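Right, here's the structure in full:
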């Protein structure tokens, strides 16, 4: 971090020729053989964006930075995920670039490493600010649905923890389309048949979501679910 501070100080106080040399040295860090150097470069992308300005970032840094989504080491990918999640709201006016990043982040939700999948799913609520309504409905919520069935318990739990953050009363159609009859069955199964952390998390999240359900969903799905879960809890407690 101190190296980046030194670089930024030198860059801002240099003439154009020296700035070009400094910029080349900075870009070369993304291909450094030392993992920690690549990771720090990825971690600093939001600061680099602010220092260089949008135009210079897109012209000189962007293509290099997105390649780090394919880095062989998880920690570099994860740092890149966090940085670009921070940057996405600033990239709204660059449709092609923001769409490319959005799609790359979604691809990583299926990464072979559960740590990378975990890093992506916990950032999904932040992507809502960078996606339009159709993207949220057709892409993010589809991913979330799949991640609730992830083979890794930590990823499934992370997906459950962000569930209520993915919906709002401003978009009732998302709630209507996501919480189908089959989804309510899955929710009940997750509450009653999963480990205690997953079960309690789902109870908490569905409790929050109940506030924005339609009258039909509240009466026909939530209340019956609540009654069955309560009865099951009492049965387990006493017998």
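Residue numbers (the UniProt record's numbering): 1 to 239. Each residue gets a CB set at the ideal place from its N, CA and C atoms; glycine is no exception. Model, not experiment: these values are computed from the prediction.
Using the C-alpha atoms, what's the distance from residue 226 back to residue 220?
11 Å
For residue 184 and residue 199, I'd like the C-alpha separation in whole angstroms.
14 Å
Could you please give the first and the last residue of the uninterrupted alpha helix (DSSP H) stretch that includes residue 207?
196 to 209
With 16 other CB atoms within 10 Å as the buried threshold, where does residue 95 fall?
exposed
Same chain, Cβ closer than 6 Å to residue 79, five either side skipped, listed in chain order
39, 42 and 43
Short Cβ contact (8 Å threshold) for residue 45 with residue 6:
no
Given this structure, state the Cα-to-Cα distance separating residue 70 from residue 124, to the nearest angstrom.
19 Å
Beta-carbon within less than 6 Å of residue 114's beta-carbon, same chain only, minus the 5 sequence neighbours each way: which residues are those?
152 and 155
For residue 27 and residue 65, what's the separation of their Cα atoms in angstroms?
9 Å
Alpha-carbon to alpha-carbon, residue 181 and residue 59:
48 Å
Taking just the CA atoms, how far does residue 231 sit from residue 81?
43 Å
Rounding to the nearest angstrom, what Cα-Cα distance links residue 112 and residue 97 in this structure?
25 Å
Under the three-state reduction of DSSP, which class applies to residue 9: helix, strand or coil?
helix
If I'm right that residue 143 touches residue 109 with Cβ under 8 Å, what's the distance once you round it to whole angstroms?
5 Å
Going by Cα to Cα distance, which pick from 179, 228, 122 and 202 is closest to residue 137?
179
Roughly how many angstroms separate the alpha carbons of residue 73 and residue 35, rounded to a whole number?
7 Å
Backbone CA spacing between residue 32 and residue 11 [nearest angstrom]:
20 Å
Buried or exposed: where does residue 206 fall if 16 or more other Cβ atoms within 10 Å of its Cβ makes it buried?
buried
Apart from the five residues on each side of it in sequence, which residues of its chain come closer than 6 Å, Cβ to Cβ, to residue 208?
164
Report the start-end ranges of each beta strand (DSSP E) in the stretch 64 to 100 that is 3 residues or longer and not cut off at the edges.
none
Given this structure, state the Cα-to-Cα distance separating residue 146 from residue 140, to the nearest angstrom.
10 Å
Apart from the five residues on each side of it in sequence, which residues of its chain come closer than 7 Å, Cβ to Cβ, to residue 238?
Note that residue 238 scores 37 on pLDDT, short of 50, meaning its location in the model is unreliable and no value can be drawn from it.
Please state the DSSP three-state secondary structure of residue 149.
coil
Skipping 5 residues on each side, what residues in its chain have a beta carbon closer than 7 Å to that of residue 254?
Because residue 254 is not part of the residues shown, which for the chain are 1 to 239, the question remains open.
Residue 187 and residue 162 closer than 8 Å at C-beta
no
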